[in-house]
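Peer 1: Below is the structure I would like to discuss, written out as structure tokens.
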Amino acid sequence: MVVALIIACEVGFWVLLALGLGARYLLRWRRTSVVLLLCEPVLELVLFAVTAWDLKNGAEPGWEHGLAALYIGYTVAYGHYTIRWLDGHAAHRLAGGPPPAKPPRYGMPRARHEGALWLRTLLAAAVAGALLQGAVWYVGDGGDVSSLRSFQWTALRVAALHGVIALTYLLWPKKAPEGEPRPAAGTFAQAPTGTRLEGTHLERARGTACRATTEPQSNDGTRRSA
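Following the numbering used here, the numbering of the sequence shown begins with 218 at its first residue and continues without gaps.
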């Protein structure tokens, strides 16, 4: 029953997500989309309640209870991140919004990005470990909790492995390839509003301003002919 409920929760997550984004960008029902997306955490609460009820009724702790804890931990840590990522793509494709920003690929920005993802994995492992520890205490000495302990170590190993991978991006930052196009010196390429002009454009602007203020003027405000 627990395994079937995990599958149902996963299917329900994507169905609610599709309905919520469709209501927001196709039907323009923003309030309805918010309600649908807020139903996502209810799925995890239902899974948690059913798992606890199953153990209360004397079910032997097994791998399915450990899998349920890992699933809840993952959705707590990555659920909002996934919704926000898909919301950006839906806004771009269905509502004509700007394309979502891609994650950085090189250097320290990439290392910070990988570190932020590792923190989410660490949160998932902490939530799963706490739920499993609660199940261990709940079962007590009257049942076999080796499966629950095994999933606790699995969560720790996944977090540790992801941490090592994220650390490699910090110790050995990935460099951009030599052929990567870069803005040429002295040009103004896609600078945001309020950015100072640099290079030749700035020098030309200064030269024009100097000539306009130093050239002699006639009384009527026009320049004298040479």
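Here a beta-carbon is modelled for each residue, glycine too, at the ideal position from N, C-alpha and C.
In whole angstroms, what is the alpha-carbon distance linking residue 305 and residue 282?
Peer 2: 34 Å
Peer 1: Is the segment 332 to 344 close to the segment 279 to 295, with three or more CB pairs under 8 Å?
Peer 2: yes
Peer 1: Would you tell me roughly how many angstroms separate the C-alpha atoms of residue 221 and residue 273, rounded to the nearest one?
Peer 2: 18 Å
Peer 1: Any idea what DSSP makes of residue 323, helix, strand or coil?
Peer 2: coil
Peer 1: In the DSSP assignment, the alpha helix (DSSP H) including residue 277 goes from what residue to what residue?
Peer 2: Premise fails: residue 277 is in no alpha helix (DSSP H) and is neither H nor E.
Peer 1: Out of 311, 287 and 317, which has the shortest C-alpha to C-alpha gap to residue 301?
Peer 2: 317
Peer 1: For the ligand ATP, any of its heavy atoms closer than 7 Å to the Cβ of residue 325?
Peer 2: The ligand ATP is not part of this structure, which contains no ligands at all.
Peer 1: With H, G and I counted as helix, E and B as strand and the rest as coil, what does DSSP make of residue 226?
Peer 2: helix
Peer 1: For residue 313, report the span of its alpha helix (DSSP H) as first-last.
Peer 2: Neither: residue 313 is in no alpha helix (DSSP H) and is coded neither H nor E.
Peer 1: Please report how far the alpha carbon of residue 365 lies from the alpha carbon of residue 374, in whole angstroms.
Peer 2: C-alpha separation (whole angstroms): 14 Å.
Peer 1: Give the secondary structure of residue 258 by DSSP, where H, G and I count as helix, E and B as strand, and everything else as coil.
Peer 2: DSSP places residue 258 within a helical segment (H, G or I) once states are collapsed to three.
Peer 1: Compute the Euclidean distance between the alpha carbons of residue 299 and residue 218, then round it to the nearest angstrom.
Peer 2: Distance between the alpha carbons of residue 299 and residue 218: 27 Å.
Peer 1: Return helix, strand or coil for residue 303, following the three-state DSSP convention.
Peer 2: helix
Peer 1: Specify, as a first and last residue, the run of the alpha helix (DSSP H) that residue 378 falls within.
Peer 2: Unbroken alpha helix (DSSP H) run through residue 378: 363 to 388.
Peer 1: Roughly how many whole angstroms lie between the Cα atoms of residue 335 and residue 392?
Peer 2: 21 Å
Peer 1: Rounded to the nearest angstrom, what separates residue 319 and residue 376 at their Cα positions?
Peer 2: Straight through space, the alpha carbons of residue 376 and residue 319 are spaced by roughly 24 Å.
Peer 1: Say whether the segment 237 to 249 touches the segment 263 to 271, bearing in mind that this needs 3 or more beta-carbon pairs closer than 8 Å, one atom from each stretch.
Peer 2: no
Peer 1: Assign residue 412 to one of three DSSP states: helix, strand, or coil.
Peer 2: The predicted model places residue 412 with a pLDDT of 35, which falls under 50 and marks its position as unreliable; any figure quoted below should be read in that light. In this structure, residue 412 counts as coil in the three-state DSSP scheme.
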